[in-house]
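Number of protein chains: 2
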Amino acid sequence: MTSSALVQALQQAVGTAHVLTDGDLTAYEQDWRRRARGRALAVVRPADAEQVAAVVRACAQHGGTIVPQGGNTGLAVGSVPDETGTQVVLSLRRMDKVRAIDAANLTLTVEAGAILQNLQAAAADAGFLFPLSLAAEGSCTIGGNLATNAGGTQVVRYGNARELCLGLEVVTPQGDIWHGLTGLRKDNTGYDLRDLFIGSEGTLGIITAATMKLYPQPAAKLTAWAAVPSMEAAVELLGLAHGQLGAGLTGFEVMGQFALSLVDKHYPQLRVPLWRESLWCVLLENSDSESEAHARDRFEALLEGALAAGCVTDAVVAENLTQAKGLWHIRESIPLAQAEEGLNIKHDISLPVSRIPAFVAETDALLAREVPGVRLVDFGHLGDGNLHYNVQAPEGGDAQAFLRDEEDRINALVFDAVARHNGSISAEHGIGSLKAAKLPHYKSAVALQLMRSIKQALDPQGLMNPGRVLI
Amino acid sequence: MTSSALVQALQQAVGTAHVLTDGDLTAYEQDWRRRARGRALAVVRPADAEQVAAVVRACAQHGGTIVPQGGNTGLAVGSVPDETGTQVVLSLRRMDKVRAIDAANLTLTVEAGAILQNLQAAAADAGFLFPLSLAAEGSCTIGGNLATNAGGTQVVRYGNARELCLGLEVVTPQGDIWHGLTGLRKDNTGYDLRDLFIGSEGTLGIITAATMKLYPQPAAKLTAWAAVPSMEAAVELLGLAHGQLGAGLTGFEVMGQFALSLVDKHYPQLRVPLWRESLWCVLLENSDSESEAHARDRFEALLEGALAAGCVTDAVVAENLTQAKGLWHIRESIPLAQAEEGLNIKHDISLPVSRIPAFVAETDALLAREVPGVRLVDFGHLGDGNLHYNVQAPEGGDAQAFLRDEEDRINALVFDAVARHNGSISAEHGIGSLKAAKLPHYKSAVALQLMRSIKQALDPQGLMNPGRVLI
Chain B
1 MTSSALVQAL
11 QQAVGTAHVL
21 TDGDLTAYEQ
31 DWRRRARGRA
41 LAVVRPADAE
51 QVAAVVRACA
61 QHGGTIVPQG
71 GNTGLAVGSV
81 PDETGTQVVL
91 SLRRMDKVRA
101 IDAANLTLTV
111 EAGAILQNLQ
121 AAAADAGFLF
131 PLSLAAEGSC
141 TIGGNLATNA
151 GGTQVVRYGN
161 ARELCLGLEV
171 VTPQGDIWHG
181 LTGLRKDNTG
191 YDLRDLFIGS
201 EGTLGIITAA
211 TMKLYPQPAA
221 KLTAWAAVPS
231 MEAAVELLGL
241 AHGQLGAGLT
251 GFEVMGQFAL
261 SLVDKHYPQL
271 RVPLWRESLW
281 CVLLENSDSE
291 SEAHARDRFE
301 ALLEGALAAG
311 CVTDAVVAEN
321 LTQAKGLWHI
331 RESIPLAQAE
341 EGLNIKHDIS
351 LPVSRIPAFV
361 AETDALLARE
371 VPGVRLVDFG
381 HLGDGNLHYN
391 VQAPEGGDAQ
401 AFLRDEEDRI
411 NALVFDAVAR
421 HNGSISAEHG
431 IGSLKAAKLP
441 HYKSAVALQL
451 MRSIKQALDP
461 QGLMNPGRVL
471 I
Chain Z
1 MTSSALVQAL
11 QQAVGTAHVL
21 TDGDLTAYEQ
31 DWRRRARGRA
41 LAVVRPADAE
51 QVAAVVRACA
61 QHGGTIVPQG
71 GNTGLAVGSV
81 PDETGTQVVL
91 SLRRMDKVRA
101 IDAANLTLTV
111 EAGAILQNLQ
121 AAAADAGFLF
131 PLSLAAEGSC
141 TIGGNLATNA
151 GGTQVVRYGN
161 ARELCLGLEV
171 VTPQGDIWHG
181 LTGLRKDNTG
191 YDLRDLFIGS
201 EGTLGIITAA
211 TMKLYPQPAA
221 KLTAWAAVPS
231 MEAAVELLGL
241 AHGQLGAGLT
251 GFEVMGQFAL
261 SLVDKHYPQL
271 RVPLWRESLW
281 CVLLENSDSE
291 SEAHARDRFE
301 ALLEGALAAG
311 CVTDAVVAEN
321 LTQAKGLWHI
331 RESIPLAQAE
341 EGLNIKHDIS
351 LPVSRIPAFV
361 AETDALLARE
371 VPGVRLVDFG
381 HLGDGNLHYN
391 VQAPEGGDAQ
401 AFLRDEEDRI
411 NALVFDAVAR
421 HNGSISAEHG
431 IGSLKAAKLP
441 HYKSAVALQL
451 MRSIKQALDP
461 QGLMNPGRVL
471 I
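Chains B and Z, in that order, give the protein sequences. For the first sequence, the UniProt record's numbering gives the first residue as 1, with consecutive numbering after it. For the second sequence, the UniProt record's numbering gives the first residue as 1, with consecutive numbering after it.
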C-alpha cells in the first residue's frame, strides 16, 4: 500500500480541507470511555453520500480499511482506528441535515451525522415525537444509533433504533449507493437489507441517511417512583402496568438499593426518594394521548392496585415536569455516581423478563461467594429485560488492581449465568472490539457461520471496520 | 439425479407414511388462487426441525430442490412446485405445537405449521392478545406468515409479522439448525439474521419455529364507520385519529364507493352503511386499555371534531360486538363481492400515506383514459399506506378476454405510477413467482445485487425455493 497515494485519493474525494492527518485527532482516535486509543492514517469528513462512495472506492483501490464514525460515543470500542496508523476514519458528522419531514406519513428523513437531540428537536418543532432517547443524545448521531441499533429508555413502548427506522441510504463496500430511503410501512419486495445494515456496526456498509418514524406528541407524560420489595414484585408491577396502561407505558426502569445509595452519597442534593426502606425502586412513565388529569387517574389506579397486591410498598407521582425530570435525573445519575465511587466493570445484558428475578438472585449469590466484598450496581430497563448489571470493586480496596485481576473472571461468571438463562451478553451496546473475542463463546456456531458468510459476500475485501463484531 | 434414490432418502428422513407421492396432491400442488398448478416429486411432512434438516440434507445430496409450504394460502405463487415433477414440497403442517407461553415475558413460542387462528386462540386462552390478523387466518400458518412477512388489518398499531417476532428456529440450506428462539427484546450480538429470514419466502432457509410477542388484551374494542368526502379527507382523519387515540388506533381501513357498491349488490343483507352519499368510507377501530365507556367517549370526541373539521360527513359507532363484527364483515367481503362480479386484476401496493390522494387521483384518471370503461375496486389499509388497488373489467364485456389482453398493460400502468410516487409493488403479499420477473424493473440494481450476493452466500447450491423472489 502506498499510504500517500491513498491520502491523495481521499483529498480528491472530499477536498483537502476535509482530510485531517495532522494536529490533535484524539476526538476521533480515542473512544468515549478511553478504553482504546488508536492512530488513523487520516480522518475524512465527506459532505454527502457521493463523497462517501468516493472514499470507499479510494480505499478499495489503495488497500486502506475504513472505520465509520458518528458521535464516537459508543461503549463497545467500535468507532476508533486501530494502532497501525493505516486505517481511514470516515466521520459522518458533516452530513447532519434533516432532509424532509412528512407529517401525513409520520416520517422524518435525516442524514447520518445528525445529532440525536437535534432530531428530537426537529420532530418536536413539527409537532411530533421522535422517541429514541439515551444518555448520549446530546452528542451521538442517528447513523451511529442505527449502526449499533441503540436502545435507551423508551424501548418498552417504541422499540430499539431498528424498530423506528423505515428506510436507509447506504454506501456499500463496492462504493455503490443503495437508495433505500423509503417511507413505507409495508414493503415486501425482497430481502430485508435495511435490518441487515442496522446493527452491523459499520462492518457491512456505511449508513448515510435514514427515514425514521414519528409519533404524535402525547398530551401528557407523567412519571412515578415506586418502592418494590423484590425483583419478583417489580416484574409483577410491570405486568400490571402493561395491562392497565397499555401502550401508555413508555418507561419502566428498575434500580437496586446499592445503586441508589451511591447517588445519595455522591449527589445528596438530588434527594433520592424511598430508597432506604426498599431493596428496589422502579421509575415508571405514563404517556397519555388524552390529558394530564386522565394520565394521573390511570397512574393512581395502577399504583393503588399494586399497593393492595403488595408488589409496591410506597410510591410518589411527580406533581409537575420539574419533579418528573428530577426523578429521571436520579436514574441517569447512577453511572456518574458509580464513576465517582471508583472504577467498575460494566455489563449490558438482557434476559427474558420472566428470568430476571432468578438470574439476579443466583448471580448476586455467585459473585458474593466467588469475589468476596464485591458490590453490585444493578439497574436497567426492566421493561425490555435489559440490565446494566455492573460490578463495583470492594470498598476501600485498590480498584485498579481489582479490575486488572478480576475483570475477566467476573465477566465470565456473569456471561455464563446470562447464557444459562437464555440471555444476551450485549443488549443495546453492541459488540465492537470489546466483546468480539467473547462472541464465539456465547453465540451459536451456526449463527456465526451465517454471519461470516454474509460478511464475506458483501465485503469480500474486508474493507469495512475490520476487527469489529466478527474476528 | 436419481429421483427414486431421493424418494428413498426422504422416506428415511421422515418415515414412509409422511412422504406422499401418489393420490390427489392438488392441495399441495395448486396455489390458492389457482393461478399455478405444478407437480411434485414428493410431498414430505416432517415432524420436527431435525427431520426438516434431514430432508434438506437428502435433497442437497441427491440434487432435489425444496419448496417450503405452510397453509398454501399465499397470493404470489410462492409455495407450490413447478411443473418439472422434480421438486420436493416440504409441508410444515405437522409441526403445529405451541411450545411455550411466557406470561411475564409476553411471548409465545410456536412451531411453524401452527394455524394463525390457533395462535390467536392460545394467546387469548392465556389472557393475551396475539394481534396478527388477516383474511386467511383460519388456514394460513405462522411459518408462512413469517416467510412472507404478512400484514393484515392491525399493522397500523402492531406492525407486520416481522415486528411481532422476537426469535426464530431455522433450518439452513446446509441442513444445520439455527436455534435462534430468543424471547429477548434487546440483543445486539451481531447481524440481524432473524429479519433476513423473515420475508425471504423460503429462499434462504426454512423457518421451523418462532417466538412471537404477546400484548395485553384491551379492555374494550370499538369500531366506527365514517363517510369521508375525499381521499384527502381520509388522510386528514387518519392524522386526527393518530393524535387523539394514540396507540388506541388499531385499525384504519379505507373503501371506495364502487367497492362498497359491489358488496351492496352481491350481499345486500350486509346493509352497507353510508356508501351512497360518499365517495369513500373509512372503518376505524379503537382499542382501549381502560373501559368501553372510555373508548366510546374518545371515539365520539374524535368523530365530532372530524365532523366539525369537515373531513367526515357522517359516522356511526357500533353499539355492540355484533355490529362491530358486521362492519368488519363488510370490509372483508369486498374481495368476495369482487369475485362475484367477475374476473379482476389484483394489486397490493403501498405508498407514503401523504402521496395516496395524488396517486389515486392521477392513476384513476390515467386508467380511465387508457382503458375506457374500466372499474376500480379501491380499498385497503390506509393507516399503513397499503392499497388493494384492484381493477375490474368493464361492465358487460368478456372479462376473460379483458384480462388476457389488458392485464400486463394495466399492471405496468399501475406499477409505473407506484414507482413515480416512491411506492412498492408488493406491500404485504410478497413476490413469489408472480412478481419475480417484474422485480428487476422496480427495485434498484444495487439492492438486487445485494440480495443476489446474500442468496449465493447462504444457498450456493440453489436448493431453496428456486424461481421465487430472485430469478
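Virtual Cβ for every residue (Gly too), placed ideally from N, Cα, C.
Judged by DSSP in its simplified three-state form, Z:D288 adopts strand. Within a 10 Å sphere around the beta-carbon of B:R271 sit fewer than 16 other beta-carbons, which makes this residue exposed.
B:T141 has B:I115 as its beta-bridge partners, per DSSP. Considering only B:L214, B:T250 and B:L184, the residue with the shortest C-alpha distance to B:H381 is B:T250.
Residues G151, V155, D348, I349, S350, G380, A427 and E428 of the same chain have their beta carbon placed closer than 8 Å to that of B:N386, with the five preceding and five following residues left out of the count. Using a Cβ-Cβ cut-off of 8 Å, Z:M451 counts as an interface residue toward chain B, since at least one Cβ of chain B sits closer than that to its own. In this structure, Z:L274 is the residue among Z:E290, Z:S291, Z:S289 and Z:L274 with its C-alpha nearest to the C-alpha of Z:L283. Contact annotation: Z:A259 and Z:V377 have beta-carbon atoms nearer than 8 Å. Contact note: Z:L284 does not reach chain B at a C-beta cutoff of 7 Å; the least C-beta distance is about 15 Å. In this structure, the CA atom of B:G373 is about 13 Å from the CA atom of B:E406.
Of all residues in the region 341-353 of chain Z, only S350, P352 and V353 place a beta-carbon less than 7 Å from a beta-carbon of chain B. Counting C-beta atoms within 10 angstroms of its own C-beta, Z:A17 has fewer than 16 neighbours from the protein chains shown and is therefore classed as exposed. Flagged as an interface residue toward chain Z: B:E163, by a C-beta distance shorter than 8 Å. Within the region 322-354 of chain B, the complete alpha helix (DSSP H) runs of at least 4 residues fall at 334-341. Look at Z:A365 here: in three-state DSSP terms it is helix. Residues of the region 12-23 of chain Z whose Cβ lies closer than 8 Å to any Cβ of chain B: none. Judged by beta-carbon spacing, Z:M212 lies within the 8 Å limit of Z:L164, meaning their Cβ atoms are closer than that value.
Nearest CB-CB separation between B:Q244 and chain Z: below the 8 Å threshold. DSSP places Z:E407 in the uninterrupted alpha helix (DSSP H) bounded by A399 to R420. In this structure B:L119 is buried. Its beta-carbon is surrounded by 16 or more other beta-carbon atoms within 10 angstroms. In this model, B:L327 and B:A224 are separated by some 8 Å (Cα to Cα). The region 9-23 of chain Z makes no contact with the region 447-458 of chain B: fewer than 3 CB pairs, one atom from each, lie closer than 8 Å. Any Cβ of chain B closer than 8 Å to the Cβ of Z:V235 would place that residue at the interface, and such an atom is present. For Z:R420, no chain B residue has a Cβ inside 8 Å of its Cβ, as the nearest lies near 14 Å away. As the crow flies, the alpha-carbon of Z:E300 is around 10 Å from that of Z:A315. Note that the C-beta distance between Z:I431 and Z:V469 is below 8 Å.
Z:V312 places its beta carbon less than 8 Å from that of Z:V228.
Across the region 170-187 of chain B, CB contacts with chain Z closer than 9 Å involve V170, T172, Q174, D176, I177, W178, H179, G180, L181, T182, G183, L184, R185, K186 and D187, in sequence order along the chain. Under the 8 Å criterion on CB atoms, B:G462 is classed as non-interfacial with respect to chain Z. Approximately 14 Å separates the beta-carbon atoms of B:I356 and B:M255; this is outside 8 Å, ruling out the contact. Secondary structure note for Z:M95: it is in no beta strand (DSSP E), with a DSSP letter that is neither H nor E. By the C-beta criterion, the region 64-77 of chain B is judged to be in contact with the region 33-49 of chain B, since at least 3 inter-stretch pairs fall below 8 Å. Apart from sequence neighbours up to five positions away, the residues of its chain that approach Z:M231 with a beta-carbon distance below 7 Å are W280, I356, P357 and V360, ordered along the chain.
Taking the C-beta atoms as reference points, Z:A123 is found nearer than 8 Å to Z:L129. Here B:S444 is near Z:W178, since their CB atoms are less than 8 Å apart.
Only exposed fits B:S4, as fewer than 16 other CB atoms lie within 10 angstroms of its CB.
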